[in-house]
Amino acid sequence: MNRITSNSLLTRLNGLIPGLAITLPGAAAFAIDTSGLNDFRSADGSNNNVTHTEYGEAHQPLIRIAPADYGDGVDLPRGVPVEDEGDGDVEVDEQTLPSARTISNTVHDQNGVDIPSGRKLSQLFFQFGQFLSHDTGLTEPDASEATGGMTGLSGNESFNIEIEPGDPDFFASPFVPLTRSIAQNVAASITGMREQINIITAFIDGSNVYGSNQARADELRTMVGGKLKSQAGPDGELLPYNVNGFPNANQSPLNFNQLFLAGDVRANEQIGLIAIHTIFMREHNRLCNEIAATNFPGSNLADPIVDELIYQRARATVAAMLQKITYYDWLPVLLGYDAMPYYKGYDPTVDPQISNEFSTAAFRIGHTMLPSTYLLTDENGAETPFLLQNAFFNPTFVATNGIDDIIRGQALNYQQELDQYIVDDVRVFLFGPGSGLDLPALNIQRGRDHGIPSYNAIRAAYGLPGLGQYSDIPGKGTVAINALESVYGAAGVQNIDAWTGGLVERHLPGTNLGETWTRVFVDQFSRLRDGDRYYFENRDIYSSSFIYDILNTNLVQIIQRNTGVDWEDLNEYSFFIPRYHPFQPDVKVGKKYNEATHRGEDRYNNSGVGQRIRIKAKKGRAKIFVSIQNDGAYMNPIRVRTGYIGPQDFKAKYFDVSSGRRNVTSALKTGRYMREPRPENTKKLKGRIKGRRLHYPPNRKRVICFHAESDADPLADDTGYIRIKF
Numbered sequence: 182m183n184r185i186t187s188n189s190l191l192t193r194l195n196g197l198i199p200g201l202a203i204t205l206p207g208a209a210a211f212a213i214d215t216s217g218l219n220d221f222r223s224a225d226g227s228n229n230n231v232t233h234t235e236y237g238e239a240h241q242p243l244i245r246i247a248p249a250d251y252g253d254g255v256d257l258p259r260g261v262p263v264e265d266e267g268d269g270d271v272e273v274d275e276q277t278l279p280s281a282r283t284i285s286n287t288v289h290d291q292n293g294v295d296i297p298s299g300r301k302l303s304q305l306f307f308q309f310g311q312f313l314s315h316d317t318g319l320t321e322p323d324a325s326e327a328t329g330g331m332t333g334l335s336g337n338e339s340f341n342i343e344i345e346p347g348d349p350d351f352f353a354s355p356f357v358p359l360t361r362s363i364a365q366n367v368a369a370s371i372t373g374m375r376e377q378i379n380i381i382t383a384f385i386d387g388s389n390v391y392g393s394n395q396a397r398a399d400e401l402r403t404m405v406g407g408k409l410k411s412q413a414g415p416d417g418e419l420l421p422y423n424v425n426g427f428p429n430a431n432q433s434p435l436n437f438n439q440l441f442l443a444g445d446v447r448a449n450e451q452i453g454l455i456a457i458h459t460i461f462m463r464e465h466n467r468l469c470n471e472i473a474a475t476n477f478p479g480s481n482l483a484d485p486i487v488d489e490l491i492y493q494r495a496r497a498t499v500a501a502m503l504q505k506i507t508y509y510d511w512l513p514v515l516l517g518y519d520a521m522p523y524y525k526g527y528d529p530t531v532d533p534q535i536s537n538e539f540s541t542a543a544f545r546i547g548h549t550m551l552p553s554t555y556l557l558t559d560e561n562g563a564e565t566p567f568l569l570q571n572a573f574f575n576p577t578f579v580a581t582n583g584i585d586d587i588i589r590g591q592a593l594n595y596q597q598e599l600d601q602y603i604v605d606d607v608r609v610f611l612f613g614p615g616s617g618l619d620l621p622a623l624n625i626q627r628g629r630d631h632g633i634p635s636y637n638a639i640r641a642a643y644g645l646p647g648l649g650q651y652s653d654i655p656g657k658g659t660v661a662i663n664a665l666e667s668v669y670g671a672a673g674v675q676n677i678d679a680w681t682g683g684l685v686e687r688h689l690p691g692t693n694l695g696e697t698w699t700r701v702f703v704d705q706f707s708r709l710r711d712g713d714r715y716y717f718e719n720r721d722i723y724s725s726s727f728i729y730d731i732l733n734t735n736l737v738q739i740i741q742r743n744t745g746v747d748w749e750d751l752n753e754y755s756f757f758i759p760r761y762h763p764f765q766p767d768v769k770v771g772k773k774y775n776e777a778t779h780r781g782e783d784r785y786n787n788s789g790v791g792q793r794i795r796i797k798a799k800k801g802r803a804k805i806f807v808s809i810q811n812d813g814a815y816m817n818p819i820r821v822r823t824g825y826i827g828p829q830d831f832k833a834k835y836f837d838v839s840s841g842r843r844n845v846t847s848a849l850k851t852g853r854y855m856r857e858p859r860p861e862n863t864k865k866l867k868g869r870i871k872g873r874r875l876h877y878p879p880n881r882k883r884v885i886c887f888h889a890e891s892d893a894d895p896l897a898d899d900t901g902y903i904r905i906k907f
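Here it is in structure tokens:
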């Protein structure tokens, strides 16, 4: 069982299973009780809502929270008031907003600098995020799979991105090519505007594993024992090849039958994505073995009824696992542990469909987290650098080498910081050298294609105050603000593209997002959960034992069950680098004090259970500065300042949270401090903060003892001892 990591989760489990005992984390598989699963999703998401049968269904228009902003009010891209020739193709000289490529060069260029995650997130974080995004939205597909029987569609008109003279990388062509997304045209749309189509199911239902239409779902199956097709690989099962030519994204010279086939057409996009697709295919087949042995011993696994029931139960279990990982492990790291409202049950009035703002802007945050190089790591720790630009559409590498070294390398290494900066591998070499594509520019241009309104308009639609000038942006400093002003102009704050504006915002405490994208994410993931009749915590569908089993599953357990990656190369909290405890305080010690940051220079900086640090002062008078920072969940610093005054005395300063059992965050936000006591009284000073004790014994061996309990990890306490001897 995995260690439970939230109070809300413990509350739910204790309500489900009386006398619940939580054990230490481990990798051993346990049988999931699927015997009560008899009500299953359709392949295309239809009839999830029995009243509004189209809610969440594939081939439905994206919805909008903010009003569309088309250049002509209904159809032309934002910033294009007129299309002169009437053929739908938009020329670069018809575009009035700054070139998306110029914005990329000015605002999003990382300039070759490595910016690792400040919260010590591993590359598994962005990798699961990409996998999740491919489970919920797709609007730029091969047109052959875009119709779904719909009529009145537009799309494929050119909307190229201007390359200005003197561009440092693109000089062979005057533009970066882009075609408009498949959409309902003005005449067919119920809104009277161009509305883009989500061709896959909106739900977190494993459609990236199983497909969003019956034909693809059937193609992926063996029709024996519920299993998915696979082929032998160097370290286990691999995805099957696309031998029958189903639609697949392909930016490589490979033929269609040299690409893997999975539920989503983008599965071959890069080797890390192929690896996680492979893991969940393996987990499905492992579950099929488990279900067959438990529920159908001695049965004919080729019997269509037996095969179907095993398949659907395994499929439902994988979907539930994906939902649990999303809502209990991944989103809390991204949004903070109190951002999402509590689940109150299925609500049939909620439309779970993906919003255009989310799909086209907010959920493209993952592009900022990509590294320039994967460090493929074998079981002995030997690393092989593999350039990201060579990872795109390279199924041949996976077929030859397997997935273990890819997953191990992603688990061991930092992702890039979630900020406005993007590595050149996707800003200059997207899909490989010589491709001449720029992912940030494509994101910006795609937003204009979809009529996504400006950053300021998005803020207003989600209940945030509008911004009158660049300095109003809750940004990270003048560098970002100056970059925005230089490209959008002195009066252009109202024109900032949504994707760019959302990324330059300062992160909210304990999160990886600013306030605008936080609002968008909370809205979308609340609707995806509350509007899904098959969400795994809906007790009208699932038994208490099934819910309990799913709640005790996490990504690293699934990785361990289906790869050769060892536990020591993983983090039990899934998305942090190994041996880092995100819910344990970082104990940081420094000699010099920074008034701006309220901390020392971190001569010692570590996280973990039961740290003991001895400090010996060489002078009769000395000072140290200790920060104990719970930065995995809440970014809660407790600052302790000590200074030798005399044989019996210390000075101490720390946050005053003495008014009841409050989390330290409250004191941090309000800025309340405890008045520094008189030196003659400090030897008797004791401070208690929600179970935390700060104690100064009256002797010459001064001991600072800090006991921490995190709301996000109530069963895993940490005690850091700082011993100071004069």
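The sequence shown begins at 182 in the numbering used here and counts up one residue at a time.
Quick reminder that beta carbons are idealized off the backbone N, C-alpha and C, glycines included.
Candidates the options, of which the one nearest residue i by Cα
i: Val531; options: Phe221, Tyr236, Asp721, Ile213; result: Tyr236
i: Ala443; options: Lys410, Leu569, Arg467; result: Lys410
i: Pro297; options: Leu689, Ala483, Tyr595, Asp559; result: Tyr595
i: Gly691; options: Tyr518, Pro258, Thr475, Glu272; result: Tyr518
i: Glu489; options: Tyr508, Ala671, Arg402; result: Arg402
i: Tyr492; options: Met404, Gly479, Phe352; result: Met404
Distance CB(residue i)-CB(residue j) smaller than 9 angstroms
i: Ala592; j: Ile740; result: yes
i: Tyr715; j: Asp220; result: yes
i: Thr744; j: Asp416; result: yes
i: Ala501; j: Ile342; result: no
i: Gln705; j: Ala661; result: no
i: Gly590; j: Leu568; result: no
i: Met550; j: Leu302; result: yes
i: Asn537; j: Ile380; result: no
i: Ala495; j: Gly392; result: no
i: Thr699; j: Tyr636; result: no
i: Arg640; j: Gly649; result: no
i: Arg742; j: Glu418; result: no
Interface flag, residue i vs chain D, CB-CB below 9 angstroms
i: Glu749; result: Absence of chain D from the displayed structure is noted, only one protein chain being present.
Proximity test, residue i beta-carbon vs the ligand SAM heavy atom, cut-off 8 angstroms
i: Ile654; result: Absent from the structure shown: the ligand SAM. Ligands present: none.
Secondary structure of residue i, DSSP reduced to three states
i: Leu440; result: coil
i: Ile654; result: coil
i: Asp295; result: coil
i: Thr475; result: helix
i: Pro242; result: strand
i: Thr823; result: Because the pLDDT of Thr823 is 39, which lies under 50, any placement of that residue in the model is unreliable, and the number read from its coordinates should be weighed accordingly. Thr823 falls in the strand class under three-state DSSP.
i: Gln432; result: coil
i: Arg402; result: strand
i: Lys865; result: Note that Lys865 scores a pLDDT of 33, beneath 50, so its modelled location is shaky; the value from the coordinates is reported in the next line. Note: Lys865 maps to helix in three-state DSSP.
Residues near residue i by beta carbon distance below 6 angstroms, same chain, minus five either side
i: Ile584; result: Ala456, Thr459
i: Ala638; result: Ala247
Inter-residue Cα distance where the pair is residue i and residue j
i: Thr382; j: Asp225; result: 6 angstroms
i: Gln412; j: Tyr422; result: 8 angstroms
i: Leu736; j: Ser755; result: 6 angstroms
i: Asn438; j: Arg447; result: 15 angstroms
i: Met915; j: Val255; result: Since the first residue of the chain shown is 182 and the last is 907, residue 915 is not available in this structure.
i: Gln377; j: Asp721; result: 34 angstroms
i: Asn431; j: Pro513; result: 34 angstroms
i: Trp748; j: Pro759; result: 9 angstroms
i: Thr317; j: Gly617; result: 28 angstroms
i: Ala664; j: Glu345; result: 17 angstroms
i: Phe340; j: Glu564; result: 42 angstroms
i: Ile728; j: Leu319; result: 29 angstroms
i: Phe307; j: Ser553; result: 14 angstroms
i: Gly252; j: Ala642; result: 19 angstroms
Sequence-distant residues of its chain with Cβ nearer than 7 angstroms to residue i (five each side left out)
i: Phe427; result: Arg397, Glu400, Leu442
i: Val668; result: Pro279, Thr283, Ile284, Thr287, Val288
i: Asn394; result: Ala224, Asp225, Ala239
i: Gln504; result: Ile385, Tyr716, Phe717
i: Ala777; result: Only weak support exists for where Ala777 lies, its pLDDT of 48 falling under 50; the value from the coordinates is given anyway. Hits under 7 angstroms: none found.
i: Thr498; result: Ile213, Thr215, Leu468
i: Thr475; result: Ala212
Own chain residues within Cβ distance below 8 angstroms of residue i, not counting five before or after
i: His548; result: Ile603, Val607, Leu620, Pro621, Asn624
i: Leu334; result: Ala327, Thr328, Ile363, Ala364, Gln365, Asn366, Ala369, Ile378
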